[in-house]
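Remarks on the structure that follows.
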Amino acid sequence: MAELVFFSGTMDCGKSTLALQTDHNHAARGRAGIVFSRLDRAGEDTLSSRLGLKVPAVEVGAGTDFWQHVTDALAGGARVDYLICDEAQFYSREQVDQLAAIVDDLGIDVFAFGILTDFRTALFPGSQRLVELADRMQVLQVEALCWCGRRGTHNARTINGEMVVEGEQVVVGDTFSADVVAYEVLCRRHHRRRATAHTAKAAHMSPTPLPFDEPASA
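Residue numbers for the sequence shown follow our numbering, so the first one is -2 and each next one is one higher.
Okay, structure coming up:
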């Protein structure tokens, strides 16, 4: 039985690495798949991981019709056993509905990978629809860490190291540098306090503050 499976977690938990590994494992067993991604860190038409691995991918845009893409491939004689869909949080609800139809009506496995919530802790539309429709949802076990060492649970957007909570839901940033727009994983406590690694260092904050007070600046 084909399945729609949603693999989710915060940034830095290895979603894209798992997507690449999943594609490799299925291809190694003689299955034929199509790899999709959207707004990958390495650019268009690519699925990449922070470990440096990457493969060509079909770039998903606002107008991408998964059903049409797959049925056109099948009509042209291609074999399609599975789809790898990375950065699925950026897909529209309608596109996720198309993926569900591909599973149910064409018997093709769909493995989707993405983060659940944005920098404001609101669900991405694509992720919300995947939670609603997926046959299975798996939270990745590789834990991203906050600067304090606790498990990272929230994705924060920063501008020059300062956390922001307003702005467009999708803004691509460089997670490797101190560019104007960047992203950071924080625990809930420090997301609530808007305490990024940059501001914590500037304020000499302790990783384990007292529960009843904010750490004092030196």
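Virtual Cβ for every residue (Gly too), placed ideally from N, Cα, C.
In this text, all values refer to a predicted model and were calculated from it rather than measured experimentally.
Whole-Å CB distance - residue i paired with residue j, under 8 Å assumed
i, j, result
"residue 121", "residue 4", "That belief does not hold up - the Cβ atoms of residue 121 and residue 4 are roughly 14 Å apart, past 8 Å."
"residue 52", "residue 20", "7 Å"
"residue 161", "residue 126", "With 8 Å as the limit, residue 161 and residue 126 do not qualify as a contact, their Cβ atoms being about 26 Å apart."
"residue 37", "residue 84", "6 Å"
"residue 158", "residue 195", "3 Å"
"residue 96", "residue 12", "Actually they do not touch by this definition, with Cβ atoms about 16 Å apart."
C-alpha gap between residue i and residue j, whole angstroms
i, j, result
"residue 45", "residue 154", "21 Å"
"residue 199", "residue 86", "33 Å"
"residue 81", "residue 2", "10 Å"
"residue 184", "residue 149", "4 Å"
"residue 114", "residue 91", "18 Å"
"residue 99", "residue 71", "12 Å"
"residue 248", "residue 76", "Nothing about residue 248 can be read from this structure; the chain reaches only from -2 to 215."
"residue -1", "residue 104", "5 Å"
"residue 28", "residue 67", "15 Å"
"residue 25", "residue 189", "44 Å"
"residue 58", "residue 39", "16 Å"
"residue 156", "residue 141", "21 Å"
"residue 6", "residue 146", "17 Å"
"residue 202", "residue 186", "13 Å"
"residue 236", "residue 197", "Given a span of -2 to 215 for the chain in the structure shown, any question on residue 236 remains unanswerable."
"residue 134", "residue 128", "7 Å"
"residue 63", "residue 22", "23 Å"
"residue 65", "residue 30", "15 Å"
"residue 192", "residue 73", "53 Å"
"residue 110", "residue 43", "14 Å"
Identity of the residue in the options nearest residue i by Cα
i, options, result
"residue 132", "41, 70 and 101", "101"
"residue 261", "84, 147, 92 and 181", "Here the chain comprises residues numbered -2 to 215, so residue 261 is not present and cannot be evaluated."
"residue 35", "147, 112, 104 and 190", "112"
"residue 41", "55, 48 and 30", "55"
"residue 88", "160, 60 and 98", "60"
"residue 48", "33, 27, 22 and 15", "15"
"residue 32", "159, 106 and 6", "106"
"residue 143", "137, 151 and 196", "151"
"residue 18", "6, 50 and 39", "50"
"residue 119", "137, 167 and 97", "167"
At which residue ranges does the segment 117 to 152 contain complete beta strand (DSSP E) runs of 3 or more residues, listed in the order of the chain?
133 to 136
Contiguous alpha helix (DSSP H) assignments of at least 4 residues, all confined to the segment -2 to 78
12 to 25 and 63 to 72
3 or more residues per run - each beta strand (DSSP E) lying fully within the segment 76 to 104:
79 to 82
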